[in-house]
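What follows is a short report on a single structure.
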């Protein structure tokens with residue numbers, strides 16, 4: 038998992054022996070650092086980080102002294118300037134907004150699984166239900182331990198709840214709402230042994246995240262100095278001399294995980310289970326035992342946590358079985374743009390495409406940009422190779438993550454998120470030529486335009502609504518007025 042700091046494109050290239058250094062899971066957090074169409078294309082899973090166990094409700098923080106030339110280049114920022122992700126995603130103010138971001142990311146990489154990371158807390162089950170309805174394919178419930186070693190001290194105490202509480206609530210609530218079959222549930226946060234894996238599965242998890250324990254196998258000695266760039270074993274440092282001390286090998290992690298699997302297999306055999314799938318949600322195989330006598334434990338009642346989800350809704354599927362329908366085959370990109378631009382992508386030959394557009398045409402240009410990034414990477418195509426002329430009222434996320442070499446020219450108006458994550462493309466929007474209203478006094482495009490843009494150009498003959506150009510990291514925009522909280 039990349040975390041929220043982006044990834045060096047040099048890692049996307051396979052090694053001579055066929056291995057790959059790229060992170061399979063690319064994270065999209067509120068700061069949108071380094072989130073480009075190339076970054077999204079080179080992923081097996083795209084994870085929206087809503088919160089994490091180490092610091093729920095807070096964004097990531099990177100002090101300016103740690104932002105060197107390399108980190109600044111990868112994050113599209115300035116060396117020496119501190120980087121703080123905002124607590125909210127500025128394009129998520131409702132469950133419908135989350136659904137739109139999930140749709141945007143699925144368009145940016147149709148083959149990637151879309152994941153949402155939540156933190157274990159009271160009410161996480163209701164949130165998980167909304168996330169499932171928003172067409173997420175995977176949900177992570179993060180516990181209160183483990184996680185990054187560089188969180189501020191004020192963040193890591195009394196933050197989040199144990200993963201056992203969160204995964205049990207999420208599983209039960211999803212079953213209760215007949216949504217469990219649509220998503221894969223994963224938990225993480227301090228998992229170390231096969232026993233942890235079995236308990237997580239019995240409470241409802243299908244996948245299990247390990248981080249701290251594998252880090253120990255690679256040589257980490259938990260000096261708690263991850264934030265100081267002085268890690269004595271070369272794990273969490275950019276210092277070339279200290280990095281020479283790193284002794285970890287992939288085989289160390291493989292051996293550890295094999296041992297975890299063997300431990301889990303032995304416990305499964307004792308319980309009579311042949312597979313993880315058989316165990317999911319089978320809390321009837323769990324029981325409580327009296328802990329050390331303590332006044333804090335006297336009031337504990339684990340009945341709700343150990344209630345079998347099957348009893349709540351006996352007629353529904355209690356593990357992942359149904360794929361989410363994102364409807365990409367109906368999109369304007371799949372039906373019109375990509376077929377018309379296929380020759381241009383292959384040979385660089387200029388092409389012009391004209392089409393009408395209505396407000397159900399969302400995320401226009403993103404699948405096209407994904408196809409370009411697969412072939413040409415972040416460099417894209419020569420300027421204005423693909424020129425798309427649209428007429429009408431565009432739906433949300435027009436030109437999201439638009440690649441270099443693509444120009445979208447819209448005569449009409451557009452909804453929210455125009456040019457979100459713009460990655461070198463050009464977006465032009467102006468009112469219908471026959472309109473009688475003065476464009477400079479009217480809103481032409483919606484909220485959160487150019488959020489997280491990294492490069493490219495945008496020209497708007499009119500005004501934008503709120504939160505214009507938030508977290509802009511390199512795009513150029515011309516606009517005739519904006520609402521509140523602009524860049």
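Numbering (my numbering), first residue to last: 38 to 524.
Glycine included, C-beta positions come from ideal geometry on N, C-alpha and C.
Taking 8 Å as the threshold, find out whether the stretch 317-328 comes into contact with the stretch 233-243 through three or more Cβ pairs.
Segments in contact, yes.
By Cβ distance below 7 Å, which residues in the same chain neighbour residue 258 in space, the five residues on each side in sequence not counted?
Locating residue 258 in the chain shown gives position 221, counting from the first residue. Correct list, in chain order: 270.
Just how far apart, CA to CA, sit residue 64 and residue 151?
Here residue 64 is taken as the residue at index 27 of the chain shown, counted from 1. Here residue 151 is taken as the residue at index 114 of the chain shown, counted from 1. Each residue's alpha carbon lies about 10 Å from the other.
Are residue 402 and residue 439 closer than 7 Å when you measure CB to CB?
In the chain shown, counting from the first residue as 1, residue 402 sits at position 365. In the chain shown, counting from the first residue as 1, residue 439 sits at position 402. Cβ distance < 7 Å, so residue 402 and residue 439 count as in contact.
Alpha carbon to alpha carbon, how far is residue 254 from residue 502?
Taking the chain shown and counting its residues from 1, the one referred to as residue 254 is at position 217. Taking the chain shown and counting its residues from 1, the one referred to as residue 502 is at position 465. Approximately 51 Å between the Cα atoms of the pair.
Which stretch, first to last residue, makes up the alpha helix (DSSP H) that contains residue 64?
To locate residue 64, count along the chain shown from 1; it is residue 27. That residue, residue 64, is in no alpha helix (DSSP H); its beta strand (DSSP E) goes 62-65.
Exposed or buried, which one is residue 130 when buried takes at least 16 other CB atoms within 10 Å?
If you number the chain shown from 1, residue 130 lands on position 93. That one is exposed.
Quick check: the Cα distance between residue 177 and residue 428, rounded to an integer number of angstroms?
One-based indexing of the chain shown puts residue 177 at position 140. One-based indexing of the chain shown puts residue 428 at position 391. Those two C-alpha atoms are separated by around 41 Å.
Quick one: is residue 491 buried, meaning 16 or more other Cβ sit within 10 Å of its Cβ, or exposed?
The sequence position of residue 491 within the chain shown is 454, counting from 1. Result: buried.
Could you name the residues of the same chain whose beta carbon sits closer than 8 Å to that of residue 411, not counting the 5 residues immediately before and after it, in chain order?
Along the chain shown, read from residue 1 onward, the residue named residue 411 stands at position 374. So the list reads 78, once near-sequence residues are dropped.
Out of 180, 216, 307, 291, which has the shortest C-alpha to C-alpha gap to residue 232?
Here residue 232 refers to the residue found at position 195 when the chain shown is read from its first residue. Considering only alpha carbons, the answer is 307.
Whole angstroms are fine: how far does the CA of residue 339 sit from the CA of residue 302?
Residue numbering aside, residue 302 sits at position 265 when the chain shown is read from its first letter. Residue numbering aside, residue 339 sits at position 302 when the chain shown is read from its first letter. Whole-angstrom Cα-Cα distance: 26 Å.
To the nearest angstrom, how far is the alpha carbon of residue 337 from that of residue 85?
Here residue 337 refers to the residue found at position 300 of the chain shown. Here residue 85 refers to the residue found at position 48 of the chain shown. Cα to Cα, the separation comes out at about 34 Å.
Going by beta carbon distance, what residues of the same chain come within less than 6 Å of residue 480, once the five residues before and after it are set aside?
Position 443 of the chain shown, counted from the first residue, corresponds to residue 480. Here the set comprises 500, 502.
Do you know whose CA, among 169, 518, 192, lies nearest residue 212's CA?
In the chain shown, residue 212 corresponds to position 175, counting from 1. Here the closest residue by C-alpha is 169.
Between 43, 291, 260, 218, which has its C-alpha nearest residue 75's C-alpha?
If you number the chain shown from 1, residue 75 lands on position 38. That would be 43, whose Cα lies nearest to the Cα of residue 75.
Counting Cβ pairs closer than 8 Å, one from the stretch 475-489 and one from the stretch 97-105, do we hit at least three?
Because the criterion of three Cβ pairs below 8 Å is not met, the stretch 475-489 and the stretch 97-105 do not touch.
For residue 198 and residue 234, I'd like the C-alpha separation in whole angstroms.
Taking the first residue of the chain shown as position 1, residue 198 is located at position 161. Taking the first residue of the chain shown as position 1, residue 234 is located at position 197. Going by the C-alpha atoms only, they are around 18 Å apart.
Excluding the 5 residues flanking residue 531 on each side, which residues of the same chain have their C-beta closer than 6 Å to its C-beta?
Outside the displayed span of the chain (38 to 524) sits residue 531, for which this structure offers no information.
What are the complete alpha helix (DSSP H) segments, minimum 4 residues, inside the stretch 173-250?
Correct list: 190-193, 200-213, 231-240.
Can you find the residues in the same chain that come closer than 8 Å, C-beta to C-beta, to residue 454, ignoring five residues on each side of it along the sequence?
Position 417 of the chain shown, counted from the first residue, corresponds to residue 454. 128, 137, 141, 433, 434, 435, 437, 483, 484, 485, 486, 488.
Should residue 206 go down as buried or exposed, given a rule of 16 or more other Cβ atoms within 10 Å for buried?
Translated into positions along the chain shown, residue 206 becomes position 169. Burial call: buried.
Is residue 70 buried or exposed, if buried means 16 or more other CB atoms sit within 10 Å of its CB?
As a working note, residue 70 is residue 33 in the chain shown. Burial call: buried.
When DSSP builds the beta bridges, which residues end up paired with residue 84?
Taking the chain shown and counting its residues from 1, the one referred to as residue 84 is at position 47. Note: residue 84 sits in a beta bridge opposite 64, 152.
If we ignore side chains and look at the alpha-carbon of each, how far apart do residue 282 and residue 290 end up?
Position 245 of the chain shown, counted from the start, is the residue given in the question as residue 282. Position 253 of the chain shown, counted from the start, is the residue given in the question as residue 290. C-alpha separation (whole angstroms): 18 Å.
Within 10 angstroms of the Cβ of residue 120, are there 16 or more other Cβ atoms? Answer buried if so, exposed if not.
Residue 120 sits at position 83 when you count from the first residue of the chain shown. Its Cβ being crowded by 16 or more others within 10 Å, residue 120 is buried.
Do residue 378 and residue 371 have their C-beta atoms closer together than 7 Å?
One-based indexing of the chain shown puts residue 378 at position 341. One-based indexing of the chain shown puts residue 371 at position 334. No, these two residues do not count as a Cβ contact at 7 Å.
What number of angstroms, rounded off, separates the C-alpha of residue 158 from the C-alpha of residue 111?
The count along the chain shown starts at 1 and reaches residue 158 at position 121. The count along the chain shown starts at 1 and reaches residue 111 at position 74. Roughly 33 Å separates the two Cα atoms.
Pick out whichever of 508, 265, 518, 523 has its Cα sitting closest to the Cα of residue 113.
The count along the chain shown starts at 1 and reaches residue 113 at position 76. Of the candidates 508, 265, 518, 523, the one whose C-alpha sits nearest the C-alpha of residue 113 is 508.
Quick one, which of 109, 81, 66 has its alpha-carbon nearest residue 45's?
Residue 45 sits at position 8 when you count from the first residue of the chain shown. Cα-wise, what sits closest to residue 45 is 109.
Which whole runs of the beta strand (DSSP E) in the stretch 363-423 are 3 residues long or more, in chain order?
Counting whole runs of 3 or more residues, the stretch 363-423 contains the beta strand (DSSP E) stretches 388-394.
What residues in its chain sit with their C-beta under 6 Å from that of residue 250, if we drop five residues either side in the sequence?
Sequence index remark: in the chain shown, residue 250 carries index 213 (1-based). 229.
To the nearest angstrom, report how far apart residue 7 and residue 517 are at their CA atoms.
Residue 7 is absent from the model: the chain starts at 38 and stops at 524.
Just the C-alpha distance for residue 418 and residue 87, rounded to the nearest angstrom, thanks.
Start at 1 with the first residue of the chain shown, and residue 418 comes out as number 381. Start at 1 with the first residue of the chain shown, and residue 87 comes out as number 50. Going from the Cα of residue 418 to the Cα of residue 87 covers about 33 Å.
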